[in-house]
Amino acid sequence: MKKLIMAGASLAVIPALLLAGCSQDAATQDQEPKTKENAEVSSDEQAASSPEPAPQPNYQAIEPSEAARPLESHYTETQLAEMPTTEAHGDDMERSVPLGQTLEKGTEDETDGPLQKNRIVSFYGHPDSTTMGILGEYSPEELMEKLKDQTKAYSELDPERPAIPAIELIATVAQRNPGEDGLYMHATADEDMERYAKLAEENDALLILDVQLGRDNIMNQVKSLEKYLKLPYVHLAIDTEFHVKEGQVPGEDLGHVDGENVQEAIEYVSKLASENGLPDKAVIVHQFADIIISNKEAIQPTENVEVVLNNDGHGIAALKRSGYHQLVHNQPIQYGGFKVFYQKDEPVMTPEEVLELDPAPAFVNYQ
44 MKKLIMAGAS LAVIPALLLA GCSQDAATQD QEPKTKENAE VSSDEQAASS
94 PEPAPQPNYQ AIEPSEAARP LESHYTETQL AEMPTTEAHG DDMERSVPLG
144 QTLEKGTEDE TDGPLQKNRI VSFYGHPDST TMGILGEYSP EELMEKLKDQ
194 TKAYSELDPE RPAIPAIELI ATVAQRNPGE DGLYMHATAD EDMERYAKLA
244 EENDALLILD VQLGRDNIMN QVKSLEKYLK LPYVHLAIDT EFHVKEGQVP
294 GEDLGHVDGE NVQEAIEYVS KLASENGLPD KAVIVHQFAD IIISNKEAIQ
344 PTENVEVVLN NDGHGIAALK RSGYHQLVHN QPIQYGGFKV FYQKDEPVMT
394 PEEVLELDPA PAFVNYQ
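Residue 315 in our numbering sits at position 272 of the sequence shown, with consecutive numbering throughout.
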């Protein structure tokens, strides 16, 4: 878990710690002159060998009511007063994209992924812990009911981009104990992974598997989740702050990742989707301080993967807006994400306030 400190310069970490290719019969054909009939047969064979349609996504957005209208408001006088130029580090506070647009300025989306036409709203955490997020506070059934209600709120405010509910499950948990392998992390039990995968599937929702890394590397973590990532509704999140090096302890020392290593994971997921006929995927990259990710320009979307840079961290709303401005608005890659802490934000920003960020977050997660 993270906390933003008022000064902005200091940050403290509080731990919580699947195209089958169309095969064509190879039967020997008589060597006879081509007739119109033969030509028609040949045409049929060609049609049979043409590529299959793109795989269809396995999710259902929460549709808005008939009375829903797009958000029309802009920043209030109070919000502007809380977000002076100094908090934006001297930047111009003029919007970079129109109100409600999720694609960052100068970027595009070549996928058929969930963020093309929808927004994702997720609940984050681990079922075994009430301190790591909302997943541990409710039974799966109660959780899904509350998640759908929160998701509906965003569909009502942006009916042209109805929101999809998602469960963000911590799949590998960073810990202060080195464990038997010395990696300072442990994997979430398959029983829990399968339970929440089934819950997401039964509710037409997405499952996002979050890796906290510890001293392990990103690719080891991602490959360990391959059987789940081959499910059409499962996506990936990388929790960068918990990746520590020799001599460091997650939660005590601020972690760090190189953008090239993040990109390797993105390209791995992209290849997985392409080679297994899966719907396009999203990869969420969590960050709450600029120093956590170096070489960030190496992080790029692919033809099969949408990329979200998610502004993490809890604290005062004005500082959270400033953090989003610095880490998303000022460093456009594709989409922005924004985390809301029900228990630790001051105050808890409303969906209206979240959607007024620049650009509008395509991914909103609640902890």
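Built from N, CA and C at the ideal position, the CB exists for glycine as well.
None of these values were measured; they are calculated from a predicted model.
Residue i burial status per 10 Å Cβ neighbour count (16 or more: buried)
{"i": "R112", "result": "exposed"}
{"i": "E245", "result": "exposed"}
{"i": "M262", "result": "exposed"}
{"i": "A217", "result": "buried"}
{"i": "A243", "result": "buried"}
{"i": "S198", "result": "buried"}
{"i": "K241", "result": "exposed"}
{"i": "K314", "result": "exposed"}
{"i": "P404", "result": "buried"}
{"i": "G222", "result": "exposed"}
{"i": "L226", "result": "buried"}
{"i": "T78", "result": "Its pLDDT being 42, under 50, T78 is placed unreliably by the model, and the measurement read from it follows with that caveat. Under this definition T78 is an exposed residue."}
{"i": "E211", "result": "buried"}
{"i": "E349", "result": "buried"}
{"i": "R364", "result": "buried"}
{"i": "K195", "result": "buried"}
{"i": "D323", "result": "buried"}
{"i": "T393", "result": "exposed"}
{"i": "P344", "result": "buried"}
{"i": "P170", "result": "buried"}
{"i": "R204", "result": "buried"}
{"i": "S86", "result": "Its pLDDT being 43, under 50, S86 is placed unreliably in this model, and the coordinates cannot settle the point."}
{"i": "P157", "result": "buried"}
{"i": "A91", "result": "Here the model assigns A91 a pLDDT of 46, short of 50, so the residue's position is not dependable and the matter cannot be decided."}
{"i": "N220", "result": "exposed"}
{"i": "P275", "result": "buried"}
{"i": "A110", "result": "exposed"}
{"i": "I48", "result": "Note that I48 scores 32 on pLDDT, short of 50, meaning its location in the model is unreliable and no value can be drawn from it."}
{"i": "V397", "result": "buried"}
{"i": "P107", "result": "buried"}
{"i": "N354", "result": "buried"}
{"i": "F406", "result": "buried"}
From the options, residue whose alpha carbon lies closest to that of residue i
{"i": "Y367", "options": "E153, V326, P98, E147", "result": "E147"}
{"i": "V164", "options": "R364, P375, V351, L362", "result": "V351"}
{"i": "G149", "options": "Q410, N408, P402", "result": "P402"}
{"i": "F26", "options": "E151, P157, H229, T174", "result": "Since the first residue shown for the chain is 44 and the last is 410, residue 26 is missing from the structure and cannot be characterised."}
{"i": "I334", "options": "S365, G298, L321, N319", "result": "G298"}
{"i": "L249", "options": "P98, L400, A104", "result": "A104"}
{"i": "K191", "options": "K273, A209, L272", "result": "A209"}
{"i": "V292", "options": "V326, Q255, G380, S317", "result": "Q255"}
{"i": "E153", "options": "Q377, N408, E395", "result": "Q377"}
{"i": "D155", "options": "L362, A325, L398", "result": "A325"}
{"i": "Q159", "options": "H169, E188, A206, L186", "result": "A206"}
{"i": "Y167", "options": "E310, D253, S317", "result": "D253"}
{"i": "Y271", "options": "K288, L321, R258, M228", "result": "L321"}
{"i": "V371", "options": "K189, V328, R162", "result": "V328"}
{"i": "S139", "options": "Y409, V407, F406, L400", "result": "L400"}
{"i": "Q410", "options": "R219, G179, N101, L114", "result": "G179"}
{"i": "D233", "options": "G257, E307, D224, S267", "result": "S267"}
{"i": "R258", "options": "L274, E237, D224, V265", "result": "D224"}
{"i": "E307", "options": "I342, E295, A332, E318", "result": "I342"}
{"i": "N101", "options": "N408, D247, E318, M187", "result": "D247"}
{"i": "N408", "options": "N319, S182, E346, Q330", "result": "Q330"}
{"i": "Y311", "options": "E269, N373, Q144, E115", "result": "E269"}
{"i": "G379", "options": "S182, E151, E185, E295", "result": "E151"}
Limits of the alpha helix (DSSP H) - the one that residue i falls within
{"i": "K382", "result": "Where K382 is concerned, there is no enclosing alpha helix (DSSP H), although the beta strand (DSSP E) it sits in stretches over 378 to 383."}
{"i": "F363", "result": "The identity of residue 363 in the sequence shown is Lys, whereas the question assumes Phe. Element bounds for K363: 360 to 367."}
{"i": "P394", "result": "394 to 398"}
For residue i, the first and last residue of its enclosing beta strand (DSSP E)
{"i": "S165", "result": "162 to 168"}
{"i": "E407", "result": "Residue identity check: residue 407 is Val in the sequence provided, not Glu. Per DSSP, V407 belongs to the beta strand (DSSP E) from 406 to 409."}
Test: residue i CB closer than 8 Å to a CB of chain B
{"i": "H329", "result": "Of the chains in the structure shown, none is chain B; there is only one protein chain."}
So, does the segment 387 to 398 touch the segment 356 to 365, judging by three or more C-beta pairs under 8 Å?
yes
Taking contact to mean 3 or more Cβ pairs, one atom from each stretch, closer than 8 Å, check whether the segment 284 to 303 and the segment 335 to 342 are in contact.
yes
Run through the segment 285 to 351 for me and flag every whole beta strand (DSSP E) of 3 or more residues, listed as ranges in chain order.
You should have 324 to 330.
In chain order, which continuous runs of the beta strand (DSSP E) of length 3 or greater are located wholly inside the segment 196 to 277?
Qualifying beta strand (DSSP E) stretches, in chain order: 206 to 217, 228 to 230, 249 to 254.
Check whether the segment 278 to 285 and the segment 191 to 207 touch, using three or more Cβ-Cβ pairs below 8 Å as the test.
The segment 278 to 285 makes no contact with the segment 191 to 207; the number of CB pairs closer than 8 Å stays below 3.
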